[in-house]
Amino acid sequence: MTAHLITKDHAQADYSASHEPVLTVEPGTGERITFETDDAAYAQMEELRDLARVTATINPVTGPVHVVGAEPGDALAVTIHDIEMAEHGWSVYIPGAGALARPMGEEWYVRRVPVRDGTVQLTDRVSCPVAPMIGCIGVAPGDGVMSTVMPSYATGGNMDLTDARPGSTVYLPVEVEGARLAIGDLHAVMSRGESSFVAIEIAGRATVSVDLVKGKGLRAPRIDTGDELVCVGLGDPVQDSIDRAYEDLFAVLTEEHGYGAHDAYTVMSALAHTELGGPTGSVAPDPLHPFRAVGQVTLARIAKEVLGLA
1 MTAHLITKDH AQADYSASHE PVLTVEPGTG ERITFETDDA AYAQMEELRD LARVTATINP
61 VTGPVHVVGA EPGDALAVTI HDIEMAEHGW SVYIPGAGAL ARPMGEEWYV RRVPVRDGTV
121 QLTDRVSCPV APMIGCIGVA PGDGVMSTVM PSYATGGNMD LTDARPGSTV YLPVEVEGAR
181 LAIGDLHAVM SRGESSFVAI EIAGRATVSV DLVKGKGLRA PRIDTGDELV CVGLGDPVQD
241 SIDRAYEDLF AVLTEEHGYG AHDAYTVMSA LAHTELGGPT GSVAPDPLHP FRAVGQVTLA
301 RIAKEVLGLA
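All residue numbers for the sequence shown refer to full-length UniProt numbering, where the first residue is 1 and numbers rise by one.
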């Protein structure tokens with residue numbers, strides 16, 4: 001099996017079709033691609049406690065990878081095989097960021113968090129098993145650039161979804177020839193929804209393979225976890241993101257798995273579940289408040305065993 005390593009030296013500060021690919025692969029071959037990421041920004045935050053003085057890119061993404069044959073209207077299927085992590089991660093509070101900004105106030109907080117032998121040592125008394133996942137996974141947009149911080153986009157980016165973990169396949173709508181896949185922002189463990197806007201951030205290496213679904217026509221990312229199918233809804237206001245996630249899941253049942261509309265409606269009313277996704281919002285934030293999300297990411301999920309029961 002062919003294996004490729006893309007080092008953190010090939011990191012980008014955004015997603016853009018203008019970035020030259022560092023690797024070209026054929027889809028569906030099983031080739032493994034390892035993306036190395038760094039944590040330089042968090043090390044600088046620990047030292048400087050001043051975002052204006054941080055020169056390292058926040059959430060750099062490694063790549064991009066050109067996928068032969070990928071065209072607008074296709075979906076890139078990215079299967080996550082493994083995530084290797086450094087021996088410590090970071091818990092960071094950036095004043096003004098996240099849902100806990102009011103109680104945390106204006107003082108910086110940075111903690112190095114040991115990650116060893118499958119355990120994250122959160123405090124002296126509290127630990128938890130590692131649950132590695134990818135925060136930033138996406139392909140280039142058809143127009144302009146995508147931030148690696150905020151918001152989430154139709155073609156992915158900084159979605160911060162715990163479902164983007166080893167064993168899952170992330171489906172991303174292709175908008176440019178070659179797709180231009182890039183990955184970054186690894187987490188050792190993250191609460192669903194990432195209330196603090198920063199999880200246990202960590203440097204490491206994520207290994208994936210890619211396939212292509214021609215003419216899939218997705219309007220937002222989708223994740224197959226092995227046990228569940230998860231549709232991502234993006235929208236502002238929040239209700240729009242909820243509606244879009246539900247609508248896409250309804251289309252999965254009716255258009256891909258043979259359910260009639262009435263059956264799909266009844267099944268979803270009993271077995272489809274929604275939750276708020278990552279904290280990055282769905283539209284660009286106010287430049288004066290760059291860490292305050294606008295819009296929402298909503299997830300609609302259903303057990304895969306239900307999909308085969310039409």
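Cβ coordinates follow ideal geometry from the N, Cα and C atoms, glycine included. This one's a predicted model, so the numbers in the text were calculated from it and none came from an experiment.
Segment contact flag, the region 264-283 with the region 228-247, C-beta cutoff 8 Å, min 3 pairs:
Counting Cβ pairs under 8 Å, three or more are found: they touch.
Measuring straight from C-alpha to C-alpha, what distance separates L48 and A56?
Distance between the alpha carbons of L48 and A56: 12 Å.
Please confirm whether A300 and L249 have their CB atoms less than 8 Å apart.
Yes, they are a contact pair.
D236 and F198 - do their beta-carbons sit closer together than 8 Å?
Phe is not the amino acid found at residue 198; the sequence shown has Val there. Between V198 and D236, the C-beta spacing is not below 8 Å.
Just to confirm the assignment, what range does the beta strand (DSSP E) spanning A77 have?
Element bounds for A77: 75-85.
Please report the Cβ distance between L307 and H262, rounded to the nearest whole angstrom; I am assuming they are in contact, meaning their Cβ atoms lie under 8 Å.
About 17 Å; that fails the 8 Å criterion.
What is the DSSP secondary structure of P103, reduced to helix, strand or coil?
It is helical.
Close beta carbons around R292, own chain, < 7 Å, minus the five adjacent residues each side:
Counting only residues of its own chain and dropping the five nearest sequence neighbours on each side, R292 has a CB closer than 7 Å to the CB of P285, D286.
May I ask you to list the residues that DSSP assigns as paired with P114?
Its beta-bridge partners are H88.
Which same chain residues end up closer than 6 Å to I80 when comparing Cβ atoms and leaving out the 5 residues on each side of it in sequence?
Closer than 6 Å at the Cβ level, and outside the excluded window around I80, lie P166, S168, V208.
The region 110-123 touching the region 62-74, judged by at least three CB pairs closer than 8 Å:
When C-beta atoms of the region 110-123 are compared with those of the region 62-74, fewer than three pairs fall below 8 Å, so the two segments do not count as touching.
With DSSP collapsed to three states, give me the class of A261.
Helix.
Check whether the region 106-115 and the region 213-222 are in contact - that is, three or more C-beta pairs closer than 8 Å.
Under the Cβ criterion (8 Å, minimum of three pairs), the region 106-115 does not count as touching the region 213-222.
Got a sec? Which residues, its chain only, sit under 7 Å from M45 by beta carbon, not counting five neighbours each side?
For M45, where only same-chain residues beyond five positions count, the Cβ hits under 7 Å are V54, V92, V110.
Integer-rounded CB distance, given that Y15 should sit under 8 Å from A179:
About 11 Å separates the beta carbon of A179 from that of Y15, a gap too long to meet the 8 Å contact definition.
Nearest-angstrom Cα separation, counted from V267 out to A13:
Per the coordinates, the alpha-carbon of A13 lies some 43 Å from the alpha-carbon of V267.
Does DSSP put E255 in a helix, in a strand, or in coil?
Looking at E255 - three-state DSSP - the assignment turns out to be helix.
Closest by CA to P141, which one among A131, V126, E177?
Residue E177 is the option with its Cα nearest to P141.
Whole-angstrom distance between V294 and D163, CA atom to CA atom
About 22 Å.
Cα-Cα, which of D117, P95, D160 is closest to W108?
Here the closest residue by C-alpha is P95.
Please report the residue range of the beta strand (DSSP E) in which residue 346 lies.
Nothing can be reported for residue 346, as the shown portion of the chain is limited to 1 through 310.
Quick one, which of G184, S195, V210 has its alpha-carbon nearest L172's?
Of the listed residues, the one whose Cα sits closest to L172 is V210.
May I ask you to report which of helix, strand or coil DSSP gives A11?
Residue state, collapsed to three classes: strand.
Quick one: grab the DSSP three-state call for F35.
Looking at F35 - three-state DSSP - the assignment turns out to be strand.
Is E228 helix, strand or coil by DSSP?
Strand, per DSSP.
Backbone CA spacing between A220 and G281 [nearest angstrom]:
Cα to Cα, A220 sits roughly 14 Å from G281.
Between which two residues does the beta strand (DSSP E) containing L48 stretch?
Where L48 is concerned, there is no enclosing beta strand (DSSP E), although the alpha helix (DSSP H) it sits in stretches over 40-48.
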